[in-house]
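Numbering (the working numbering), first residue to last: 208 to 679.
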């Protein structure tokens with residue numbers, strides 16, 4: 208427990224350091240909003256010091272429960288300390304600002320803030336970037352070693368020592384790749400014409416699957432074809448496993464266990480992109496072929512990665528709503544920044560269904576039974592548990608959030624959007640549904656639960672509710 212408390216103190220210190228960036232940006236812009244971010248710097252610095260010195264000189268071992276509790280607590284703690292600055296700069300009530308902070312940090316991208324000062328959107332960009340990093344680190348350090356939701360575990364060894372991978376090792380594996388991808392995206396986006404400000408926000412969004420963007424970034428995305436082509440490979444990068452990225456960087460790609468899943472995602476993206484291009488070309492949008500193809504490929508990559516950014520305003524209104532919801536619900540690859548059910552689980556369930564159907568026809572047939580991640584035993588049980596947890600989360604959020612929605616379509620879209628962390632599919636539906644800030648308190652609480660549950664593979668949220676699972 209002591210080690211987990213030290214981790215929380217470190218995160219508070221990092222939040223204070225991050226808040227310096229929008230503070231300086233606001234001072235440079237002279238918009239009068241620097242005070243809100245400076246208060247965050249001072250408050251988080253004080254809290255970090257108080258928490259650290261409260262356990263100074265005491266030793267403790269980081270166990271799985273402690274690490275998981277600390278990681279899960281961060282999804283609540285960071286939005287809590289980030290929300291006051293959002294409330295100050297936007298004039299929102301604190302409850303609405305907290306929902307905005309949760310949406311940004313979980314990379315959901317569901318927002319009612321369309322205009323704002325430079326410092327605010329830089330703050331959003333830093334929140335979504337750090338949330339994407341926390342998603343991957345939580346998956347590698349805690350969820351995968353515990354086998355949560357059938358996630359593939361690549362840790363070596365057995366016993367208590369492997370209940371959770373060392374957090375420093377996980378950061379050492381993830382941060383260089385994640386940071387390099389963000390830097391590369393930023394440099395390439397600068398070459399397409401956006402300002403430093405817009406390029407920075409777009410780079411953090413495309414690598415973290417977030418969607419909190421300033422108007423300048425939305426304009427560049429809608430008008431700049433080069434911007435979409437630059438963002439496209441990074442959207443696919445964010446939809447595939449970080450362990451596959453590491454194998455690519457070390458030139459061991461053929462030996463990577465995630466190779467099959469990643470190739471499957473690329474094929475899935477290509478087919479979906481052609482289908483969406485056909486809707487844009489022949490449907491209500493009536494785009495030219497030269498515009499429909501890149502927009503279709505971009506929209507497919509955006510939905511699979513659960514970024515949700517539309518190639519142009521109202522694009523998803525030109526596609527069947529069911530198709531958009533299903534793609535967002537499935538999501539991307541395991542141990543990636545993408546949310547949703549994950550292609551790993553869908554593929555495993557399809558393979559198992561095929562085997563069961565063949566067994567009905569040929570009862571004595573001997574066939575290989577693998578999910579692609581080490582067999583059908585505990586891994587397959589984890590897959591089914593993960594799928595059921597996701598369906599339960601969507602159902603709970605749907606029932607509660609319906610109290611603030613004008614129709615079932617709106618409630619269903621909102622529930623899928625928050626649990627899969629694909630917020631723009633709700634705001635881009637073009638139906639004029641209520642914004643995030645208009646939700647009543649109970650619906651807002653359900654939305655926040657859905658966003659955080661989506662980042663904990665949904666199973667993790669139920670584990671927190673029933674901690675007896677970890678004691679057993």
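No residue lacks a Cβ here, since even glycine has one placed at the ideal position from N, Cα and C. A quick note: this is a predicted structure, and the numbers were derived from the prediction, not measured.
**Prompt:** Do the stretch 397-410 and the stretch 423-443 meet, that is, are 3 or more Cβ pairs less than 8 Å apart?
**Reply:** yes
**Prompt:** Would you call the stretch 589-600 and the stretch 549-563 touching, i.e. three or more CB-CB distances under 8 Å?
**Reply:** yes
**Request:** Evaluate contact between the stretch 311-319 and the stretch 227-243, counting only Cβ atoms and requiring at least three cross-stretch pairs below 8 Å.
**Result:** Cβ pair count under 8 Å is below three, so no.
**Request:** Alpha carbon to alpha carbon, how far is residue 272 from residue 675? Give it in angstroms, no decimals.
**Result:** Any reading at residue 675 needs caution, since the residue's pLDDT is 46, under 50, leaving its predicted position unreliable; the model's value is listed next. Using only the alpha carbons, I get a separation of about 11 Å.
**Prompt:** With 16 other CB atoms within 10 Å as the buried threshold, where does residue 419 fall?
**Reply:** buried
**Simplified DSSP state of residue 724, which is helix, strand or coil** = Residue 724 cannot be examined here, being either before or after the span of the chain that is shown, 208 to 679.
**Euclidean distance between Cα positions of residue 395 and residue 278** = 33 Å
**Request:** Using beta-carbon positions only, say whether residue 517 and residue 506 come within less than 8 Å of one another.
**Result:** At the C-beta level, residue 517 and residue 506 come within 8 Å of one another.
**Prompt:** Does DSSP put residue 658 in a helix, a strand or coil?
**Reply:** helix
**Asked** Along the chain, where does the alpha helix (DSSP H) that runs through residue 556 open and close?
**Response** Where residue 556 is concerned, the enclosing alpha helix (DSSP H) stretches over 550-568.
**Asked** Can you check whether the CB of residue 258 is closer than 8 Å to the CB of residue 215?
**Response** yes
**Request:** Only counting runs of 4 or more residues, tell me where the alpha helix (DSSP H) segments fall wholly within the stretch 369-406, in order along the chain.
**Result:** Correct list: 374-398.
**Message:** In whole angstroms, give me the CA-to-CA distance for residue 434 and residue 410.
**Reply:** 11 Å
**Message:** Are the CB atoms of residue 478 and residue 441 within a distance shorter than 8 Å?
**Reply:** Cβ distance not < 8 Å, so residue 441 and residue 478 don't count as in contact.
**Prompt:** Where does residue 286 land, buried or exposed, given buried means 16+ other C-beta within 10 angstroms?
**Reply:** buried
**Asked** Touching or not, the stretch 610-622 and the stretch 630-639, by the rule of three or more beta carbon pairs under 8 Å?
**Response** yes
**residue 414, DSSP secondary structure in three states** = helix
**Prompt:** residue 547 and residue 537: beta carbons closer than 8 Å?
**Reply:** yes
**Message:** Using the Cβ count rule (16 or more neighbours within 10 Å means buried), how would you classify residue 527?
**Reply:** exposed
**Request:** Please confirm whether residue 244 and residue 336 have their CB atoms less than 8 Å apart.
**Result:** no
**Item:** Assigned secondary structure, residue 493 (DSSP; H/G/I helix, E/B strand, else coil)
**Value:** Note: residue 493 maps to coil in three-state DSSP.
**Request:** Can you tell me which of the three DSSP states residue 675 falls into?
**Result:** Because the pLDDT of residue 675 is 46, which lies under 50, any placement of that residue in the model is unreliable, and the number read from its coordinates should be weighed accordingly. It is helical.
**Counted within 10 angstroms of its Cβ, other Cβ atoms place residue 578 as buried (16 or more) or exposed** = At residue 578, the pLDDT of 46 sits below 50, so the modelled position is not reliable and the matter cannot be decided from this model.
**Closer than 7 Å: residue 591 CB and nearest the ligand FMN heavy atom** = The model on display carries no ligand, and the ligand FMN is accordingly not part of it.
**Item:** Distance, residue 226 Cα to residue 154 Cα
**Value:** Because the chain in this structure spans residues 208 to 679, residue 154 falls outside the shown range and cannot be described.
**Request:** Leaving out five residues on either side along the sequence, give the residues of the same chain with a beta carbon under 7 Å from the beta carbon of residue 182.
**Result:** As shown, the chain starts at 208 and ends at 679. That puts residue 182 outside it, with no answer to give.
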